[in-house]
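Notes follow the structure.
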């Protein structure tokens with residue numbers, strides 16, 4: 001591989017200081033960094049040490065000062081409330097400056113934590129940016145999380161204030177947040193100070209003495225200027241599920257985060273100042289942090305904040321409507337969103353109603369993209385469909401097809417090549433680097449590039465143990481896969497989704513790939529369940545496309561035969577169940593670990609991240625019946 005990509009990647013490996021110093025020129029600094037990359041305390045790395053900046057200034061104020069104040073910065077599009085709002089850079093800066101004044105008035109200062117527990121409304125982004133303006137550390141908790149889960153995060157983050165709303169709207173359901181927030185505060189041992197509550201007309205919250213009404217507080221608020229912070233100071237803490245039950249607080253810095261995201265917008269996503277990006281995610285997830293709020297605004301682009309679902313609010317054509325109305329250039333969402341659209345509208349008939357000629361690229365990430373969905377989206381849209389791969393911990397892509405740097409061949413099943421800054425190596429169980437084509441653990445050689453997690457909040461030891469202890473000098477991604485001869489990465493799934501069938505290590509992802517190729521299958525999942533004879537055997541679960549009616553035994557036989565032909569008899573794949581839906585997190589990831597636990601007889605609790613608990617309740621008896629039942 002040659003060209004712009006190879007030159008950029010090689011320079012990021014041989015001259016990381018020079019590479020990232022050049023990237024940092026696109027960020028405004030109050031004080032220039034003294035050291036670009038400090039690796040004196042690995043596995044902890046410090047980027048742009050000695051530098052001072054403010055992330056909110058870089059996202060808003062500098063664009064206004066540069067004459068872009070009248071450009072639209074943020075569009076709120078809510079089909080669930082039939083509401084559209086547009087904020088110019090000047091308007092958004094002024095709102096953020098005033099809300100920073102509200103936070104300061106209730107005692108929030110530089111270094112303090114603020115929990116944000118909100119739906120997909122503009123005020124969520126405003127609250128995040130206001131924290132950044134003050135140098136406070138925000139921790140966004142997905143709106144509607146259970147009270148106990150919120151309480152755990154309150155106790156861990158020790159916030160000085162909480163910002164919330166009276167309710168959120170999930171599909172057609174109105175979920176009242178205030179009772180959940182009040183219960184969480186009651187359960188927590190830490191006093192979180194004042195709560196600032198946005199009242200929404202769909203459900204008015206009952207206020208207490210600790211609560212402050214958003215609208216009233218904003219009327220009297222004094223705007224606040226940006227507070228300089230060290231590049232290495234934390235910008236935010238974002239909790240991700242932990243295996244011990246205690247969530248892991250991924251801690252992100254200000255300097256490395258700003259530089260990496262700004263670089264990624266033009267090089268990975270090919271989105272520059274004045275162009276429109278629509279990221280259909282939630283601000284409660286890392287995708288929302290990075291590519292709804294921060295990266296587009298750091299770039300001077302226009303970002304769309306969407307409150308709704310890909311289907312059902314009201315139909316499977318909403319993404320196309322948003323693209324047409326706002327002249328979107330790049331759309332970024334999860335594969336599960338497109339599987340949902342494909343299931344509801346397999347012929348993509350809604351596309352005919354809208355002009356989506358502005359859309360140049362579809363980006364998908366968040367879970368493995370099956371080739372069947374990639375092919376469907378590519379054929380229906382007629383534009384590049386770019387799979388890319390990254391994690392909450394990295395904050396921006398590890399592997400991608402760099403559309404702004406050097407667009408490359410797209411290969412089904414691969415998120416393409418390694419992004420400059422990341423040295424990815426495939427290791428076997430002993431830590432030996434494997435050759436191209438051999439599957440093993442996907443790791444990143446230290447130091448991690450800018451923008452990745454600094455540590456876990458207040459838990460350096462858990463950071464080392466979770467990510468750095470398995471292989472000396474490497475970050476363990478937890479995913480398995482391989483690199484092909486062209487340097488394209490193939491991510492086959494979490495390493496705990498590799499099952500051992502009679503001594504043979506097999507990827508459930510490869511079996512899912514086969515199932516998803518069946519013309520009647522909209523979605524699928526394969527899990528490994530305990531078997532007394534073989535250790536583990538795979539069980540498949542499929543959701544059919546809308547309008548498809550099949551005799552289950554006949555379809556099951558076809559699917560078993562396909563897996564046998566493609567993967568081999570060694571897989572011992574004999575059991576497929578047709579189910580109405582798969583249990584998922586709110587970010588669209590299938591809850592395979594929970595399914596596996598139920599199938600193995602464990603008393604699995606309903607995860608706090610689940611989107612619809614009734615789906616799991618429906619599936620539980622099927623899982624408990626066992627293979628072939």
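Residue numbers (the UniProt record's numbering): 1 to 629.
Note that CB positions come from ideal geometry on N, CA and C, so glycine has one too.
Remember, it's a predicted structure, so these values are computed and weren't measured experimentally.
Can you say whether residue i is buried or exposed, counting buried as having 16 or more other CB atoms within 10 angstroms of its CB?
| i | result |
| --- | --- |
| residue 633 | Residue coverage of the chain in this structure runs from 1 to 629, which leaves residue 633 outside it and unanswerable. |
| residue 46 | buried |
| residue 30 | exposed |
| residue 625 | exposed |
| residue 7 | exposed |
| residue 592 | buried |
| residue 25 | exposed |
| residue 113 | buried |
| residue 400 | buried |
| residue 77 | buried |
| residue 472 | exposed |
| residue 469 | exposed |
Which residues in the same chain as residue i place their Cβ atom closer than 7 Å to its Cβ, once the five residues preceding and following it in sequence are excluded?
| i | result |
| --- | --- |
| residue 374 | 385, 387 and 412 |
| residue 351 | 320 and 380 |
| residue 267 | 402, 404 and 405 |
| residue 378 | 385 |
Going by C-alpha distance, which of the options is nearest residue i?
| i | options | result |
| --- | --- | --- |
| residue 93 | 105, 71 and 106 | 71 |
| residue 150 | 122, 582, 185 and 165 | 185 |
| residue 169 | 88, 254 and 307 | 307 |
| residue 265 | 331, 227 and 206 | 331 |
| residue 134 | 146, 101 and 141 | 101 |
| residue 278 | 191, 321 and 11 | 321 |
| residue 4 | 493, 594, 231 and 417 | 417 |
| residue 283 | 197, 392, 258 and 220 | 392 |
| residue 295 | 224, 215 and 60 | 60 |
| residue 475 | 506, 529, 423 and 482 | 423 |
| residue 173 | 309, 537, 352 and 24 | 309 |
| residue 479 | 26, 453 and 368 | 368 |
| residue 313 | 79, 428, 251 and 530 | 79 |
| residue 207 | 178, 233, 234 and 48 | 178 |
| residue 597 | 619, 559 and 402 | 619 |
| residue 203 | 85, 167, 575 and 34 | 167 |
| residue 383 | 356, 394 and 104 | 356 |
To which residues of the same chain is residue i closer than 6 Å at the C-beta, ignoring the five residues directly before and after it?
| i | result |
| --- | --- |
| residue 193 | 160 and 161 |
| residue 9 | 420 |
| residue 23 | 259 and 263 |
| residue 566 | 514 |
| residue 209 | none |
| residue 12 | 19, 420 and 421 |
Determine the direct distance from the alpha carbon of residue j to that of residue i, and round the result to whole angstroms.
| i | j | result |
| --- | --- | --- |
| residue 340 | residue 57 | 38 Å |
| residue 520 | residue 120 | 34 Å |
| residue 188 | residue 246 | 14 Å |
| residue 304 | residue 328 | 9 Å |
| residue 683 | residue 127 | The chain is shown from 1 up to 629; residue 683 falls before or after that span and cannot be answered. |
| residue 613 | residue 581 | 11 Å |
| residue 255 | residue 82 | 38 Å |
| residue 442 | residue 433 | 10 Å |
| residue 467 | residue 488 | 24 Å |
| residue 461 | residue 477 | 17 Å |
| residue 610 | residue 586 | 6 Å |
| residue 492 | residue 588 | 17 Å |
| residue 222 | residue 396 | 35 Å |
| residue 244 | residue 68 | With a pLDDT of 47 at residue 244, under the threshold of 50, the modelled position of this residue cannot be trusted; read the value that follows with caution. The straight-line gap from Cα to Cα measures roughly 47 Å. |
| residue 555 | residue 534 | 25 Å |
| residue 407 | residue 64 | 32 Å |
| residue 21 | residue 14 | 14 Å |
| residue 481 | residue 398 | 13 Å |
| residue 315 | residue 410 | 30 Å |
| residue 199 | residue 214 | 7 Å |
| residue 575 | residue 447 | 44 Å |
| residue 599 | residue 529 | 6 Å |
Using a beta-carbon distance below 9 Å, is residue i in contact with chain C?
| i | result |
| --- | --- |
| residue 320 | In the structure shown, chain C cannot be found, because there is only a single protein chain. |
Can you give me the Cβ contacts of residue i inside the same chain, cut-off strictly under 8 Å, excluding the 5 residues immediately before and after it?
| i | result |
| --- | --- |
| residue 302 | 71, 72, 73, 74, 75, 274, 275, 276, 277, 296 and 326 |
| residue 622 | 541, 577 and 579 |
Task: Complete runs of the alpha helix (DSSP H) confined to the segment 530–580 [at least 4 residues] - done: 552–566
Open item on the list: Quick check for students: name the residue ranges of the beta strand (DSSP E) that lie wholly in the UniProt domain "Acetyl-coenzyme A synthetase N-terminal" (5–59), counting only runs of 3 or more.
Closed with: 35–41 and 44–49
Open item on the list: Report the start-end ranges of each alpha helix (DSSP H) in the segment 70–149 that is 4 residues or longer and not cut off at the edges.
Closed with: 89–105 and 122–134
Task: Entirely enclosed beta strand (DSSP E) segments - the segment 306–353, minimum 3 residues - done: 330–333
Task: Uninterrupted beta strand (DSSP E) stretches inside the segment 202–245 (no shorter than 3 residues) - done: 211–213 and 234–240
TODO: Ignoring anything shorter than 4 residues or poking outside the segment 417–498, list the alpha helix (DSSP H) runs there in chain order.
DONE: 460–463
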